[in-house]
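Mapped onto the working numbering, the consecutive letters of the sequence shown carry residue numbers 1 to 717. Glycine included, each C-beta is placed from N, C-alpha and C at the ideal position. Structure, as C-alpha cells:
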Amino acid sequence: EIHIKEPIEKEVYPRLLPGELLLCEASTVYKYIQEDGSNRGTYGKLVCTNFKIAFLDDNSASDDNEPQFENKIVGENDITLQCVDQIYGVYDEKKKLLTGQLRKYPEKLIIYCKDLRVFHFCLRYTKEEEVKRIVSGIVHHSQTPKLLKRLFLFSYASAAPNNTDGRNQTVMFETLEDWRGELERTKGNAKYKAVTTNEGYRVSEKLPLYFVVPICVSEESILKYEGRGIPIWCWSCHNGAALLKMSAFPKEQDDSSSQMQKAFLDGIYKTISKPPYELLKTDDLSSSLPSLQDIQTAYTKFKQLFLIDNSTDFWATDVKWFSLLESTNWLEIIRRVLKKAIEVVECLERQHTNVLLIEESATDLCCVISSLVQVMMDSYSRTKSGFQSLIQKEWVIGGHGFLDRCNHLHRSDKEEAPVFLLLLNCVWQLVQQYPPAFEFTETYLTVLSDSLYVPIFSTFFFNSQHQKDANMSGESLNTQSSPFRFLTVWDWSVQFDPKAQAFLNNPLYADKPKPDKSHRKTARFKHQRQLSLPLTQTKSSTKRGFFREETDHLIKNILGKRIGKFINSSDEPPNSFREFYDSWHSKPVDYHGLLLPCIDGPEIKVWAQRYLRWIPEAQLHGGGTIATATNILDLMEEVQSLQVKMDEEHSQAISGDLHSVPVLRNSARLSSLFPFALLQRQSIKPALPTSTWKDLEDEDDLVNRDDEFVDLSGDIL
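See below:
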C-alpha cells in the first residue's frame with residue numbers, strides 16, 4: 001500500500017546562508033517516513049548546496065509541526081555535507097554503497113548521517129536528467145576528498161557579517177593572559193609558568209602559541225626536540241599536585257638517538273620528581289587504554305544499532321539487543337576510560353602525586369583523560385562556561401586533530417576516530433548520575449555533538465592553532481586581504497534563540513554557596529576531609545592540625561618508598577583503587593567537590609537522547625527525562641508567579657526571568673524524543689517479536705529461538 005500525497009504546485013526555494021550556493025536540485029522527489037513499514041511520505045524538492053543537502057516541502061509552515069527546539073542554521077530536513085556518513089542506492093530492491101563515478105543511477109537514495117538520522121528518498125517519479133545531477137552532485141560533494149579551503153567554513157566567513165561576540169565568558173586560551181589567569185585560578189603559579197617560546201611557531205607547529213611548563217624547565221630544553229619530552233601543564237589540584245601531559249618520542253629510533261632521548265627524559269624527570277616532597281607518576285596511555293583503531297571499530301559497530309531503516313528491522317533486532325550491544329565493546333571502552341580517569345584522580349587527590357600522561361602526540365587520549373579528571377575534581381569545569389573553557393584549553397588549543405579525527409575532508413579513513421565523542425559519552429555518564437552537579441543538560445551535550453558537523457564554526461574544523469592561523473588570510477577568496485572572521489561554536493545565539501537555549505541550562509543545578517568569611521577556615525578543612533581519603537581503614541585522630549597532616553604525609557611518602565624497595569613492588573597496594581572508589585561512594589555526595597562516576601556493570605548506560613532520538617519505536621510517550629523536566633519547569637513557573645505576587649517591586653525583573661523558562665506543550669503530546677521531535681505516530685509492535693514469527697514459519701529453527709532468550713538473561717548482567 002502506498003499513501004501518496006500529490007506533488008506540491010507552488011515553487012519552494014531553499015533558505016540560503018551567506019556564502020551558500022545552490023549546486024543542483026531535483027523536483028518531484030518522494031521522501032519516505034519510515035516508521036511502520038508502510039510507504040507513507042511526502043513529495044518535495046531535493047537540493048544540494050556547498051553547505052548542505054536539503055529536502056523542501058510545504059509542511060514546514062504547519063502549526064502542528066512547529067518545532068520547540070529549532071536550529072536556525074540546520075533545519076529538520078537539512079543534512080550538512082560533513083554530517084553525511086554513507087550513501088546507498090537501491091537497485092531492484094538491493095542496496096549498494098555509492099562512491100565515486102556512477103554508471104547506473106538508483107531508483108531510491110538512502111542517506112545515513114553521523115548524527116544517526118536516516119533519510120529515504122524515492123526517485124522513481126523524478127526526471128532522469130535531474131536524478132543524474134542530484135545523485136552525482138550529492139555523492140561528489142559529500143564523499144570525495146576536498147581541499148581545506150573548499151570547506152563552507154571559509155565561504156561563510158568571507159560573506160557573513162560578524163556581528164556576534166563569540167566569547168560569552170568562555171576563556172579561549174589564545175593569549176598569554178588567559179593561561180596566566182588559569183594558573184592563578186588553580187593556584188599553580190608557584191610551580192609552573194606560562195611560556196612564549198613557541199611564538200611564531202618556532203618550536204613546533206603542533207604546539208599552541210602559549211602553554212605552561214614547570215618553572216624548572218628551560219627554554220633550551222623546549223627547543224631541543226621540538227617540544228617532545230616536555231611536560232606540559234594541564235591543571236593543578238587544591239593540594240598542589242598537578243596533572244601534566246607529554247608528547248612521547250617516536251619508538252623507531254637508532255640506539256644513539258634513543259640513549260640521548262632517554263638521558264634527556266631522565267633529566268626532565270629529576271627536575272620535577274623530588275622525593276619525598278614532589279612525587280611523579282608517569283602513565284603511558286597508549287599501553288593502558290584501547291588504541292584509536294579499537295575505539296573506531298567499536299563505535300562503527302555501535303552506531304549500526306541505531307541506523308534503522310524501518311520498523312521491521314528495529315523489532316527484528318530487539319530480541320538480541322543486549323547481545324548486540326555487548327558485542328560492540330563501546331560501553332566497555334567508556335568504562336575503561338572512566339576507570340583510568342579515577343586512577344589519575346586517586347594519585348592527585350589521595351597520594352598528592354603529580355601525574356604525567358604520555359601519548360605519541362598527546363592530543364587524543366591525553367585530552368580525554370585530562371578533561372575527565374578536571375570535570376571530576378573541579379566544579380568550575382561543571383559549569384557551562386567552565387566546560388567550554390576546558391574544551392578550548394585541552395582540545396581546540398591543545399591541538400586535537402578535529403579535521404582528521406572527524407574526517408571532514410574525506411582524505412583518509414585511517415585517521416578517523418570518535419575521540420571527542422568518547423569524551424562527551426563519558427561526561428554524559430556523570431551528568432546522568434549526578435544531575436545537580438552540572439549547570440548544563442544532556443541536551444547541551446547532544447547539541448554540542450551535532451555541532452561537530454556544522455562548518456560555520458571554526459572550533460571543530462582545524463587540527464591545530466597553527467593550521468587555523470595559517471589559513472586566516474582571505475586573499476585566496478574574492479581577492480580579500482582582510483583575515484577571515486571565524487565564528488566560535490560557544491556563541492549559542494547563532495544556532496538557537498533564547499527560548500531554545502533554555503533547554504541547554506539545568507534548572508536543578510545546585511549553585512555553589514558563597515563561603516562565610518567568619519567560617520572560612522573550618523570550611524576549608526571540611527572540604528579537604530571530604531576529598532582526601534585515608535590510605536588505610538584505621539580511624540585517624542580527631543585532633544589534627546596543618547603541621548600534623550603535612551608531617552604524616554611526609555612520613556607516609558618516605559616509608560612507602562623505603563618499604564617499596566624492600567618488597568620490590570609498587571608503592572600502592574593492589575586494592576588501592578577499589579578502596580578509594582568504595583570509600584568515596586560510601587559517603588554523601590558533595591556536588592561541588594570530587595565526583596566519581598559509578599562504573600560497575602549496568603551503571604554504564606547508552607546515551608539514549610543522542611542515539612535513540614530519531615527512532616519512533618524507542619520513544620516513551622509522555623515519559624523519559626522530558627517528563628521530569630516538564631514537571632520541574634511547571635513548578636519553577638508556579639514559584640516565579642508566586643514570587644511576583646509577593647514582591648511587587650521586583651515584578652518586572654522576575655517576569656523577565658519567566659521568558660528564560662520554555663513554555664512546553666501539553667505533556668501528553670510530548671515523548672522522550674523531545675525536544676528534537678514532537679510526539680511521533682504510535683509504532684505498532686508486533687504481538688510476537690519479528691524473529692519469533694520467522695521461527696514459527698520454520699519449526700526447525702525453534703531451538704535457536706530458545707537459545708536466543710537464554711542469552712538475553714546473561715546479557716543483562
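Run through DSSP, which three-state label would tyrosine 380 get? Correct three-state label for tyrosine 380: helix.
DSSP beta-bridge partners of asparagine 505: Looking at the DSSP output, asparagine 505 bridges to Phe440.
Excluding the 5 residues preceding and the 5 following serine 451 in the sequence, name in chain order all residues of the same chain whose CB lies nearer than 8 angstroms to its CB. Hits under 8 angstroms: Phe457, Thr459, Phe460, Val489, Gln495.
Is it the case that the region 112 to 130 contacts the region 178 to 187, given that we only count it when at least three CB pairs across the two stretches are under 8 angstroms? Counting Cβ pairs under 8 angstroms, fewer than three are found: no touch.
Close-in-space but distant-in-sequence residues of the same chain around tyrosine 13 (CB under 8 angstroms, 5 per side omitted): Counting only Cβ-Cβ distances below 8 angstroms, and skipping sequence neighbours, we find Leu56.
Along the chain, where does the alpha helix (DSSP H) containing lysine 52 start, and where does it finish? Not the alpha helix (DSSP H): lysine 52 falls in the beta strand (DSSP E), residues 52 to 56.
Under 8 angstroms by Cβ, that's how I've got leucine 241 and histidine 400 pegged, so tell me the actual separation to the nearest angstrom. The sequence shown places alanine at residue 241, not leucine. With a beta-carbon spacing of about 24 angstroms, alanine 241 and histidine 400 fall beyond the 8 angstroms limit used to define contacts.
Taking 7 angstroms as the cut-off, decide whether the C-beta atoms of serine 26 and isoleucine 134 are in contact. At residue 26 the sequence reads alanine, which differs from the serine that was named. Going by C-beta atoms, alanine 26 is nearer than 7 angstroms to isoleucine 134.
Simplified DSSP state of threonine 363, which is helix, strand or coil: If DSSP states are grouped into helix, strand and coil, threonine 363 belongs with coil.
First through last residue of the beta strand (DSSP E) which encompasses valine 427: Boundaries for valine 427: no beta strand (DSSP E) harbours it, while the alpha helix (DSSP H) harbouring it runs 419 to 433, taken from the DSSP string.
Give the DSSP-derived three-state secondary structure of leucine 331 in the structure shown. Helix, per DSSP.
Using the three-state DSSP reduction, which class does serine 84 fall into: helix, strand or coil? With the sequence shown as reference, residue 84 is identified as valine, and serine is not the correct amino acid for it. For valine 84, the three-state secondary structure derived from DSSP is strand.
Closest by C-alpha distance to valine 345, when choosing among Asp115, Phe152, Leu372: When each option's Cα is compared against that of valine 345, the closest is Leu372.
According to DSSP, what are the bridge partners of methionine 246? Checking the DSSP bridge columns, you'll see methionine 246 partnered with Ile358.
How would you label tyrosine 277, buried or exposed, when you count the other beta carbons within 10 angstroms and need 16 or more for buried? Result: exposed.
Measuring straight from C-alpha to C-alpha, what distance separates phenylalanine 306 and glutamate 177? Near 45 angstroms, if we compare the C-alpha coordinates of glutamate 177 and phenylalanine 306.
Would you report the Cα separation of lysine 262 and methionine 246, rounded to the nearest angstrom? Our two residues, lysine 262 and methionine 246, have alpha carbons roughly 14 angstroms apart in a direct line.
Could you spell out where the beta strand (DSSP E) holding threonine 42 opens and where it closes? Run containing threonine 42: 41 to 49, per the beta strand (DSSP E) assignment.
When we look at the beta-carbon of threonine 144 and count the other beta-carbons within 10 Å, is it buried (16 or more) or exposed? Counting other Cβ atoms within 10 Å of its Cβ, threonine 144 stays below 16 and is therefore classed as exposed.
Own chain residues within Cβ distance below 7 angstroms of asparagine 329, not counting five before or after: Counting only Cβ-Cβ distances below 7 angstroms, and skipping sequence neighbours, we find Ala298.
Contact between the region 363 to 378 and the region 283 to 299 (3+ Cβ pairs under 8 angstroms): Judged by Cβ distances under 8 angstroms, the region 363 to 378 makes contact with the region 283 to 299, as three or more pairs qualify.
Would you say glutamine 296 and glutamate 442 are within 7 angstroms of each other, going by their C-beta atoms? Taking C-beta atoms as the reference points, glutamine 296 and glutamate 442 fail to come closer than 7 angstroms.
Cβ distance (whole Å) where leucine 325 is taken to contact proline 436 below 8 angstroms: Not really, about 29 angstroms apart at Cβ, beyond 8 angstroms.
At a cut of 8 angstroms, does the region 211 to 223 reach the region 193 to 201 through at least three beta carbon pairs? The region 211 to 223 vs the region 193 to 201: in contact.
Roughly how many angstroms separate the alpha carbons of aspartate 254 and tyrosine 225, rounded to a whole number? Going by the C-alpha atoms only, they are around 16 angstroms apart.
DSSP three-state assignment for phenylalanine 322, whether helix, strand or coil: When DSSP states are grouped into helix, strand and coil, phenylalanine 322 belongs to the helix group.
Strictly by DSSP, which residues pair up with lysine 31? Thr42, Phe121.
Going by DSSP, what residues sit across from valine 195 in a beta bridge? Per DSSP, Phe211.
Report the rounded CA-to-CA distance for glutamate 359 versus leucine 292, giving the unit in angstroms. Roughly 12 angstroms between the two C-alpha positions.
Is it buried or exposed for lysine 514, if we count other Cβ within 10 angstroms and need 16 for buried? Counting of Cβ neighbours within 10 angstroms places lysine 514 among the exposed residues, the total staying below 16.
What number of angstroms, rounded off, separates the C-alpha of glutamine 643 from the C-alpha of glutamate 637? Glutamine 643 and glutamate 637: Cα-Cα distance of roughly 10 angstroms.
Residues in its own chain within less than 7 angstroms of valine 203 by CB, not counting five upstream and five downstream? Closer than 7 angstroms at the Cβ level, and outside the excluded window around valine 203, lie Thr197, Ile222, Leu223, Glu226, Gly227.
Give me the Cα-Cα distance between tyrosine 201 and proline 161, rounded to the nearest whole angstrom. Whole-angstrom Cα-Cα distance: 30 angstroms.
Ends of the beta strand (DSSP E) at aspartate 283? Element bounds for aspartate 283: 280 to 284.
Rounded straight-line distance, which links the Cα of glutamate 439 to that of glutamine 169: Straight-line measurement puts the Cα of glutamate 439 at about 14 angstroms from the Cα of glutamine 169.
From what residue to what residue does the alpha helix (DSSP H) around serine 236 run? Segment 232 to 236 is the beta strand (DSSP E) holding serine 236; no alpha helix (DSSP H) there.
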